[in-house]
Amino acid sequence: MEDSRNLNIDAIAKYSANLPDVETVQILGLRPHPEAKTLCEQIQSNNLERIVIAGDMPGYFKPVFTKAMAMTGGNTNEIRLASFQEHGARGENAMDRAKAIVACASMGVPFALAAIPGGNPVNHATLIIGGGIAGIQSALEIANAGKQVYLVEQTGTIGGHMAMFDKTFPTLDCAACILTPKMVSVGQHEMIRLLTRSKVVAVTGKPGSYRVKIRQSARYVDINACVACNQCAEVCPVKVESEFDAGISLRKAIYIPFPQAVPNAYLVDETNCLYIQSEGKKCGACVKKCPKECIDLSETDRTIDIEVGNIIIATGYELLDVSKIEQYGYGVYPNVLTSLEFERLTNASGTTGGRIVTKTKRLNKKTQEEEWIFSPEGIPPRSVALIHCVGSRNKKYNPYCSRVCCMYSLKFAHLIKEKIPNVAVYEFYIDMRAFGKGYEEFAERIKQEGTFVVRGHTASVAMNNEQMIVRGEDIFNDRLVEFKVDMVVLAVGLIPAPGTEEISR
Numbered sequence: 196m197e198d199s200r201n202l203n204i205d206a207i208a209k210y211s212a213n214l215p216d217v218e219t220v221q222i223l224g225l226r227p228h229p230e231a232k233t234l235c236e237q238i239q240s241n242n243l244e245r246i247v248i249a250g251d252m253p254g255y256f257k258p259v260f261t262k263a264m265a266m267t268g269g270n271t272n273e274i275r276l277a278s279f280q281e282h283g284a285r286g287e288n289a290m291d292r293a294k295a296i297v298a299c300a301s302m303g304v305p306f307a308l309a310a311i312p313g314g315n316p317v318n319h320a321t322l323i324i325g326g327g328i329a330g331i332q333s334a335l336e337i338a339n340a341g342k343q344v345y346l347v348e349q350t351g352t353i354g355g356h357m358a359m360f361d362k363t364f365p366t367l368d369c370a371a372c373i374l375t376p377k378m379v380s381v382g383q384h385e386m387i388r389l390l391t392r393s394k395v396v397a398v399t400g401k402p403g404s405y406r407v408k409i410r411q412s413a414r415y416v417d418i419n420a421c422v423a424c425n426q427c428a429e430v431c432p433v434k435v436e437s438e439f440d441a442g443i444s445l446r447k448a449i450y451i452p453f454p455q456a457v458p459n460a461y462l463v464d465e466t467n468c469l470y471i472q473s474e475g476k477k478c479g480a481c482v483k484k485c486p487k488e489c490i491d492l493s494e495t496d497r498t499i500d501i502e503v504g505n506i507i508i509a510t511g512y513e514l515l516d517v518s519k520i521e522q523y524g525y526g527v528y529p530n531v532l533t534s535l536e537f538e539r540l541t542n543a544s545g546t547t548g549g550r551i552v553t554k555t556k557r558l559n560k561k562t563q564e565e566e567w568i569f570s571p572e573g574i575p576p577r578s579v580a581l582i583h584c585v586g587s588r589n590k591k592y593n594p595y596c597s598r599v600c601c602m603y604s605l606k607f608a609h610l611i612k613e614k615i616p617n618v619a620v621y622e623f624y625i626d627m628r629a630f631g632k633g634y635e636e637f638a639e640r641i642k643q644e645g646t647f648v649v650r651g652h653t654a655s656v657a658m659n660n661e662q663m664i665v666r667g668e669d670i671f672n673d674r675l676v677e678f679k680v681d682m683v684v685l686a687v688g689l690i691p692a693p694g695t696e697e698i699s700r
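Numbering (the numbering used here), first residue to last: 196 to 700.
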């Protein structure tokens, strides 16, 4: 037995001597190794068939014991290690744990199966906060192992940002084809309890045993009765910007986030519902129209208490508020878009059916003001600029690299070229972060497709008649450049989703 600085090794030796079939116990110093010749004599005199080396670093002594066992004709597989450090013999129950470690090694019992005296029971249920692709995949892997999962998502559906995408890089696979089967599996899995429109408000307890309080906001629609027939939305008079379409299209106050949403049921946006905001004095058209009578606009929030042993935080990301970076003209020039807005524009399920077009000006009949909208009949751009690192690697905004922007911008270039063959595409980057399998090859493919790749900082975007001028630097050619374009797509830096820091505490 190796001497230990953190445990009462004499007490452990005394305990070990009383274990079944234990012939002799010795305490070794940390240095030097015992001599193989001496060990051979002890093995032969005591007829030893198994040797257990216990201590903080028992592997240090294993070679000499293995050699001695081989020299005496014994089975070298019977040299067993009982590592106090590896199996966590520290803290309040360190001595009990150390004794159990030695006993397991001596009797050939896997330590994971041993009952540790004074140990605390562990709750194997897991809480996952966030219903994006990371939360979905985690939930399925744990649930498929037979463990209970609680998946908490603050919006009305799982899927996260990936549900907004058209293609994935670098293989250009259909994002929905990958994601939606997993979403359906989560919704139907007997070991997963899905809690949408929910937030964690309190966590108490300790590792292995947490008590969690969850507030679930009212959905106002019975998800078990709703058949997603859309009749309620047809009569709703309210139109607001769609979060799922990144604001480039409109939705109703009662809506389903997207056709493949899970749960596949409508919900009510209480902040824009006329009935709720007027306390029942206005509207209520959706309630009257619903053929299943599953809408209850008087529903209230509820609190759910659960107990879990593990918590996974998979709250995802948001885009930096790019309107703060004034030199790119976002919010001023209609055809300057964020990356998520462009994702929805190019997606076949988006407002233009996947056609890449510039915005069209029209008169809003309700406000009598002119507005810019995306229309399926819009004009395709003749030239597009893709600007990397907008707000990333910048001490004023985000000092870190957002890591995915280079690759999704290259993906955008491919999609633009694919849908508008004669378009001019300019890709402005600082450093190309093509770090994954197949990424560098994908970057080279985009160059071969005819995208103009310019290395250097982009200084500004300005309006010139009906086109925009993008000004920047070309480091390779040591010059300043400017290009006239019809559309600008900003690869905006990523930030943690709101509330992530609070949840982590």
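Just so you know, even glycine gets a beta-carbon here, dropped at the ideal spot from N, CA and C.
Close-in-space but distant-in-sequence residues of the same chain around residue i (CB under 8 Å, 5 per side omitted)
i      : result
Arg235 : Per the sequence presented here, residue 235 reads as Cys, with Arg not at that position. For Cys235, where only same-chain residues beyond five positions count, the Cβ hits under 8 Å are Ala263, Met266, Thr267.
Gln147 : This structure cannot speak to residue 147, because the chain is shown only from 196 to 700.
Thr271 : Thr261, Met264, Ala265
Ala692 : Gly325, Thr510, Gly511, Tyr512, Glu513
Exposure label - residue i; buried when at least 16 CB within 10 Å
i      : result
Ser699 : exposed
Val304 : exposed
Cys601 : buried
Arg539 : buried
Cys372 : exposed
Gly714 : Only positions 196 to 700 of the chain appear in the structure, and residue 714 is not among them; the question remains open.
Lys560 : exposed
Pro215 : exposed
Ser240 : exposed
Val527 : exposed
Thr646 : buried
Tyr595 : exposed
Leu675 : exposed
Ile670 : exposed
Pro458 : buried
Ser211 : buried
Whole-Å CB distance - residue i paired with residue j, under 8 Å assumed
i      : j      : result
Glu273 : Ile246 : 7 Å
Ala686 : His583 : 5 Å
Glu661 : Lys612 : About 23 Å separates the two Cβ atoms, so there is no contact after all.
Ile328 : Leu374 : 6 Å
Asp361 : Asn530 : Between Asn530 and Asp361 the Cβ distance is about 19 Å, and since that is not below 8 Å, they are no contact.
Ile324 : Thr510 : 6 Å
Arg557 : Asp681 : Actually they do not touch by this definition, with Cβ atoms about 18 Å apart.
Gln426 : Lys394 : Going by Cβ atoms, the distance from Gln426 to Lys394 rounds to 30 Å, so no, they are not a contact pair.
Ser703 : Val684 : Outside the shown range of the chain, which is 196 to 700, sits residue 703, and nothing can be said about it.
Ala249 : Ala300 : 7 Å
Ala448 : Val463 : 6 Å
Tyr461 : Tyr450 : 6 Å
Among the options, the one whose alpha carbon lies nearest that of residue i
i      : options                        : result
Asn242 : Ser278, Thr219, Asn213         : Thr219
Arg628 : Val217, Glu474, Leu605         : Leu605
Ile204 : Ile664, Asp251, Gln239         : Asp251
Thr710 : Asn339, Tyr345, Phe439, Ala340 : Outside the modelled stretch of the chain, which goes from 196 to 700, sits residue 710, for which no answer is possible.
Thr495 : Leu462, Arg414, Asn617         : Arg414
Thr261 : Ser278, Ile238, Gln280         : Ile238
His356 : Ser278, Tyr405, Tyr512         : Tyr512
Val503 : Gly400, Asp417, Ser518, Ile574 : Gly400
Arg650 : Ala657, Asn659, Glu677         : Glu677
Arg388 : Glu697, Gly330, Ala277, Pro402 : Gly330
Val217 : Gly286, Met302, Pro258         : Met302
Nonlocal neighbours in the same chain, by C-beta distance under 6 Å from residue i, ignoring five residues either side
i      : result
Glu536 : Ala441, Ile443
Ala456 : Thr352
Tyr525 : Val517, Ser518, Val531
Val656 : Tyr523, Gly524, Met663, Val665, Val683
Close beta carbons around residue i, own chain, < 7 Å, minus the five adjacent residues each side
i      : result
Gly688 : Leu515, Val585, Gly586, Ser587, Tyr592, Asn593, Ser597
Leu445 : Lys434, Val435, Glu436, Ser437
Tyr634 : Pro365, Met602
Pro571 : Thr547, Gly548, Arg550
Ala293 : Leu202, Ile207, Phe279, Ala284
is_contact[residue i, chain D] using C-beta, thresh 9 Å
i      : result
Lys612 : Among the protein chains of the structure shown there is no chain D, as only one such chain exists.
_Does the contact criterion of 3 or more C-beta pairs under 8 Å hold for the region 416 to 433 versus the region 477 to 496?_
yes
_Below 8 Å, how does it come out for the region 550 to 557 and the region 621 to 631: are there three or more Cβ pairs, yes or no?_
no
_the region 381 to 392 / the region 334 to 352 touching (three or more Cβ pairs under 8 Å)_ = yes
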